[in-house]
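Here the numbering used here runs 153 ahead of the position in the sequence shown, where the first position is 1.
For glycine and all other residues, C-beta sits at the position ideal for the given N, C-alpha and C.
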Amino acid sequence: MSDGYAVVDVETTGFAASGRDRVIEVAVVQVDRSGEVTSEWCTLVNPGRDLGPQHIHRITAADARRAPAFHRVAGALAAQLAGRVVVAHNLSFDARFLAAEFNRLGVPVPVAAELGLCTMELGGRYLPERTGRSLRASCDAAGVRIVDAHSALYDAHAAAGLLSHYLRMAGRPEPWRDLLDSARGWRWPVLPAELAEQVRRRRAAEQWSPPTDLPSLRVGDLVVFTGQTEAPRQDLVDRALAHGLRVNAGYVTRQTRLLVAADPDSMSVKANTARRYGVPIVSEAVFGDLLT
């Protein structure tokens with residue numbers, strides 16, 4: 154049975170773990186009881202829906218579309234966590250999403266805020282000089298380097314650095330030794346562990362390029378928007394209306410002339426409908442060019 158810690162981080166489509174939002178990237182950095190990193194594991198996850206605030210997590214739909222669905226990585230993920238105390242910065246958030254994903258498969262797992270360690274909460278004890286509770290503020294106070302914020306793997310490594318700092322300050326026996334002892338006995342589901350390879354960011358072989366037969370927009374044409382664009386949505390709507398276009402905020406129909414997407418590889422309902430109807434999908438930048 155494993156011993157030590159599994160430091161996790163998830164990137165998600167939003168904040169509603171028990172609703173429509175899903176995990177889109179998950180990383181686990183294993184740390185032994187002395188605070189040394191012993192392994193890392195990370196993969197993108199295909200959520201089967203749009204990716205939410207891409208300007209924050211920066212995951213492209215082109216990458217997510219070729220990633221495995223959660224059920225195909227659940228066994229490998231469970232193997233990474235079994236027997237270890239789960240650790241995260243803002244553990245309640247990561248634990249809710251991981252538990253929700255496993256619950257959708259009908260496989261409850263021992264992942265919850267009260268069953269692990271939160272590096273954000275522990276900072277109140279071990280980082281008296283920190284200026285905030287964020288991962289960056291905590292790492293700055295502990296002298297831990299953050300390489301790429303809002304990347305699951307790098308954020309997990311940053312949280313692992315915080316855990317190592319806390320372990321050095323706490324000494325032995327650890328104040329949470331009861332958790333370490335209990336974790337070895339928690340029951341984890343036995344699932345197939347190698348149904349899918351790990352898919353990392355920016356590995357998609359084919360990135361989106363604008364269609365070669367874009368329509369000329371005419372007064373009265375119907376356009377639809379999807380995703381969180383860089384410009385405020387209302388600004389784009391106002392520009393469309395100023396050019397005499399009609400805007401349908403709700404859904405794509407066969408009469409839609411153009412779908413403007415924050416990410417043209419989007420897996421949103423609107424994007425999937427547009428592909429089915431043969432409606433061209435363009436980026437925000439291309440839409441701006443069509444209006445000039």
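Review point. Going straight from the alpha carbon of ILE299 to that of SER317, what length do you get?
Key: Roughly 14 Å between the two C-alpha positions.
**Study point:** Residue range of the unbroken beta strand (DSSP E) whose run includes ASP216
**Key:** Looking at the DSSP string, ASP216 is not in any beta strand (DSSP E); the run it does join, the alpha helix (DSSP H), is 214-218.
Review point. Can you name, in chain order, every residue of its own chain whose Cβ lies under 7 Å from the Cβ of ALA265, other than the five neighbours on each side?
Key: If we look at ALA265 and ignore the five residues flanking it on each side, its Cβ neighbours are ALA248, ALA252.
Check your understanding: If you run the structure through DSSP and keep just helix, strand and coil, what is ILE209?
Key -> Look at ILE209 here: in three-state DSSP terms it is helix.
Point to revise | Own chain partners of ARG175 with C-beta closer than 6 Å, once the 5 adjacent residues on each side are dropped | key: The residues are THR166, PRO200.
Point to revise | Opening and closing residue of the alpha helix (DSSP H) in which GLN381 lies | key: In the DSSP annotation of this structure, GLN381 is not part of any alpha helix (DSSP H), being labelled neither H nor E.
Review point. HIS242 and LEU204 look like a contact to me (Cβ under 8 Å); what is the Cβ gap, rounded to whole Å?
Key: Wrong, their Cβ atoms sit about 22 Å apart, outside the cutoff.
Check your understanding: Bridge partners of GLN183, per DSSP?
Key -> The partner list for GLN183 (beta bridge, DSSP) reads ALA159, SER192.
Review point. Going by DSSP, which residues form a beta bridge with SER436?
Key: DSSP output for SER436 lists ALA414 as bridge partner(s).
**Study point:** Under 7 Å between C-beta atoms of VAL190 and ALA312
**Key:** No.
Exercise for review: Taking only the alpha-carbon atoms, compute the straight-line gap between VAL343 and MET420 and give it to the nearest angstrom.
Suggested key: Per the coordinates, the alpha-carbon of VAL343 lies some 31 Å from the alpha-carbon of MET420.
**Study point:** Segments of 4+ residues assigned as alpha helix (DSSP H) that fall wholly inside the segment 255-288
**Key:** Positions of the alpha helix (DSSP H) runs, each at least 4 residues long and wholly inside the segment 255-288, are given as 272-279 in order along the chain.
Review point. Quick one, which of THR382, HIS224, ARG218 has its alpha-carbon nearest ILE209's?
Key: When each option's Cα is compared against that of ILE209, the closest is THR382.
**Study point:** Minimum Cβ-Cβ distance from ASN425 to chain B less than 7 Å
**Key:** Absent from the structure: chain B. Only one protein chain is present.
Check your understanding: Whole-angstrom Cβ separation of ASP162 and ASP374, contact assumed at under 8 Å?
Key -> The beta carbons of ASP162 and ASP374 sit about 43 Å from each other, so the pair does not count as a contact at 8 Å.
Review point. For the candidate residues ASP416, GLN408, ASP331, whose alpha-carbon lies nearest to that of ARG218?
Key: In terms of Cα proximity to ARG218, the closest of ASP416, GLN408, ASP331 is ASP416.
Review point. To the nearest angstrom, how far is it from the Cα of GLU437 to the Cα of ARG407?
Key: CA-to-CA, the gap between GLU437 and ARG407 works out to about 21 Å.
Review point. Using the C-alpha atoms, what's the distance from PRO263 back to ASN256?
Key: Cα-Cα distance, rounded: 11 Å.
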